[in-house]
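Position 93 (the sequence shown) corresponds to 92 in numbering that gives the first Met the number 0; numbering is contiguous. Cβ atoms here follow ideal geometry from the backbone N, Cα and C, with glycine treated the same way. Each remark here refers to the structure printed beneath this line.
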Amino acid sequence: MGKSLDLRSVIPLYRQLKDILKEDIESGVWKPGDRIPSENELRQQYDVSRNTVIKALEELVQEGLLRREQGRGTFVSSPKISHSLTGFYSFSNVLKAHGLEPRDVILSLEIQPAKPSVVQHLQLTESQDVWVLKRLRCAGDEPIMLETSHLPRSRIPRVERSELENRSLYDYLEQKLGLLVTRAKETFEPVLIRDYESRYLRVPEGYPALLLDRIAYDSQGRPVEFCRSIVRGDRCRFYTELL
């Protein structure tokens with residue numbers, strides 16, 4: 000890191016520092032998992048205030064290039080998991096395509112009356128029950144997504160928790176119940192992680208995330224799942240191609 004800040008520039012000092020640190024990350028000077036210099040070390044090296052250093056690091060954390068570990072320091076993040084939205088996909092298969100090991104932790108599986116929004120998405124009547132499956136989707140030991148699936152009991156009479164451990168839900172539906180999921184409709188919006196979600200995803204409250212709603216349909220065009228997920232914004236990136 001031989002670059003210095005230009006005190007005469009109209010570009011704020013924190014932005015100059017951020018750009019220098021970002022270049023070091025993207026050029027491979029610091030690799031994923033490396034611990035970067037502390038706030039005090041950066042402040043002394045570039046002769047700037049603590050607030051300047053904090054602001055530069057905070058923006059890099061928000062962009063997913065850095066991550067903080069309480070009591071340990073600030074580290075370079077692993078590359079984001081990128082996936083195209085141009086076709087139907089399985090999150091487990093996306094992880095495998097990136098050389099990662101998909102692992103699901105089942106938090107709960109219950110039968111509940113369908114909420115009004117779920118009734119609408121699954122085209123049910125208000126009196127119907129649904130399976131509510133809460134899972135933590137992980138890449139190895141790292142939590143990536145907190146997911147809640149709603150499955151209509153009228154179309155899916157049974158769900159065995161033991162058979163869902165580390166198994167794709169769609170594979171289970173096809174192999175055990177003969178339901179083939181062929182397409183899905185998804186919507187995304189940016190959100191901030193809440194306290195409840197932060198405890199599972201192991202990131203601070205207020206961290207950037209994506210709220211993902213998915214309605215999955217079987218081969219007959221019937222909705223068989225309404226899923227709401229909170230996806231860590233620092234670890235995932237979805238994109239589309241315009242032709």
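| request: Please state whether DSSP places P115 in a helix, a strand or coil. | output: Taking the first residue of the sequence shown as position 1, residue 115 is located at position 116. DSSP places P115 in helix when its eight states are reduced to three.
| request: Flag this pair as yes or no: are the beta carbons of L84 and F225 separated by less than 8 Å? | output: Sequence index remark: in the sequence shown, residue 84 carries index 85 (1-based). Sequence index remark: in the sequence shown, residue 225 carries index 226 (1-based). Note that the C-beta distance between L84 and F225 is not below 8 Å.
| said: Could you give the first and the last residue of the continuous beta strand (DSSP E) run that contains R231? | reply: In the sequence shown, the residue the question calls residue 231 occupies position 232. Segment P222 to R231, the beta strand (DSSP E) holding R231.
| task | Could you name the residues of the same chain whose beta carbon sits closer than 8 Å to that of S8, not counting the 5 residues immediately before and after it, in chain order? | result | As a position in the sequence shown, residue 8 is number 9, starting the count at 1. Closer than 8 Å at Cβ, skipping near neighbours: Q15.
| Is E180 helix, strand or coil when you go by DSSP? | Walking along the sequence shown from the start, residue 180 turns up at place 181. The question names Glu, but residue 180 is Val in the sequence shown. In the structure shown, V180 sits in a strand (DSSP, three-state: E or B).
| message | Comparing C-alpha positions only, which one of G98, H120, L65 and G70 sits nearest to S81? | response | For the purposes of this step, residue 81 is taken as the residue at position 82 of the sequence shown. Answer by Cα proximity: G98.
| Roughly how many whole angstroms lie between the Cα atoms of E159 and V129? | Indexing the sequence shown from 1 puts residue 159 at position 160. Indexing the sequence shown from 1 puts residue 129 at position 130. When rounded, the distance between both Cα atoms is 14 Å.
| said: Going by DSSP in three states, K17 sits in which element: helix, strand or coil? | reply: Residue mapping note: residue 17 aligns to position 18 of the sequence shown, counting from 1. Looking at K17 - three-state DSSP - the assignment turns out to be helix.
| request: Compare the Cα-Cα distances from P189 to each of H120, Q111, P142 and S228 and report the closest residue. | output: Counting from 1 along the sequence shown, the entry for residue 189 is found at position 190. Closest option to P189, Cα to Cα, is S228.
| said: Rounding to the nearest angstrom, what Cα-Cα distance links S161 and I24 in this structure? | reply: One-based indexing of the sequence shown puts residue 161 at position 162. One-based indexing of the sequence shown puts residue 24 at position 25. Their backbone Cα atoms lie some 42 Å apart in a straight line.
| request: Provide the residue(s) that pair with G72 in DSSP beta bridges, ordered along the chain. | output: Numbered from its first residue, the sequence shown carries residue 72 at position 73. Under the DSSP definition of a beta bridge, G72 partners with E68.
| message | Let me confirm a value: V180 is counted as buried when at least 16 other C-beta atoms fall within 10 Å, else exposed. Which label applies? | response | For the purposes of this step, residue 180 is identified with residue 181 of the sequence shown, where counting begins at 1. So V180 ends up on the buried side.
| said: Give me the DSSP bridge partner(s) of P151. | reply: Counting from 1 along the sequence shown, the entry for residue 151 is found at position 152. For P151, which the question treats as bridged, DSSP gives the partners V129.
| query | So, is S26 buried or exposed, given that buried needs 16 or more other C-beta atoms within 10 angstroms? | reply | Against the sequence shown, residue 26 aligns to sequence position 27. S26 should be labelled exposed.
| field | I110 beta carbon less than 8 Å from that of L65 | value | The residue you call residue 65 lines up with position 66 of the sequence shown. The residue you call residue 110 lines up with position 111 of the sequence shown. Not closer than 8 Å, so no.
| query | Where does L56 fall in DSSP's three states? | reply | What you label residue 56 is simply residue 57 of the sequence shown in a count that begins at 1. Here L56 sits in helix by DSSP.
| message | Checking the sheet assignment: what are the DSSP bridge partners for R102? | response | Numbered from 1 along the sequence shown, position 103 holds the residue referred to as residue 102. Looking at the DSSP assignment, R102 forms a beta bridge with C137.
| task | Give me whichever residues DSSP pairs with P189 in a beta bridge. | result | Along the sequence shown, read from residue 1 onward, the residue named residue 189 stands at position 190. Beta-bridge pairing links P189 to L209.
| query | Per DSSP, what kind of secondary structure is H97 in: helix, strand or coil? | reply | For the purposes of this step, residue 97 is taken as the residue at position 98 of the sequence shown. If DSSP states are grouped into helix, strand and coil, H97 belongs with coil.
| Other residues of its chain near L106: CB distance less than 8 Å, five sequence neighbours each side excluded | Within the sequence shown, residue 106 is the residue found at index 107, counting from 1. Short of 8 Å from the beta carbon of L106, and not among the five residues preceding or following it, lie these beta carbons of its own chain, in chain order: K133, R134, L135 and Y199.
| Close beta carbons around L249, own chain, < 7 Å, minus the five adjacent residues each side | Only positions 0 to 242 of the chain appear in this structure, which leaves residue 249 out of reach.
| said: Whole angstroms are fine: how far does the CA of Y169 sit from the CA of D103? | reply: Taking the first residue of the sequence shown as 1, we reach residue 103 at position 104. Taking the first residue of the sequence shown as 1, we reach residue 169 at position 170. D103 and Y169: Cα-Cα distance of roughly 13 Å.
| message | For S89 and A138, what's the separation of their Cα atoms in angstroms? | response | In the sequence shown, the residue the question calls residue 89 occupies position 90. In the sequence shown, the residue the question calls residue 138 occupies position 139. When rounded, the distance between both Cα atoms is 14 Å.
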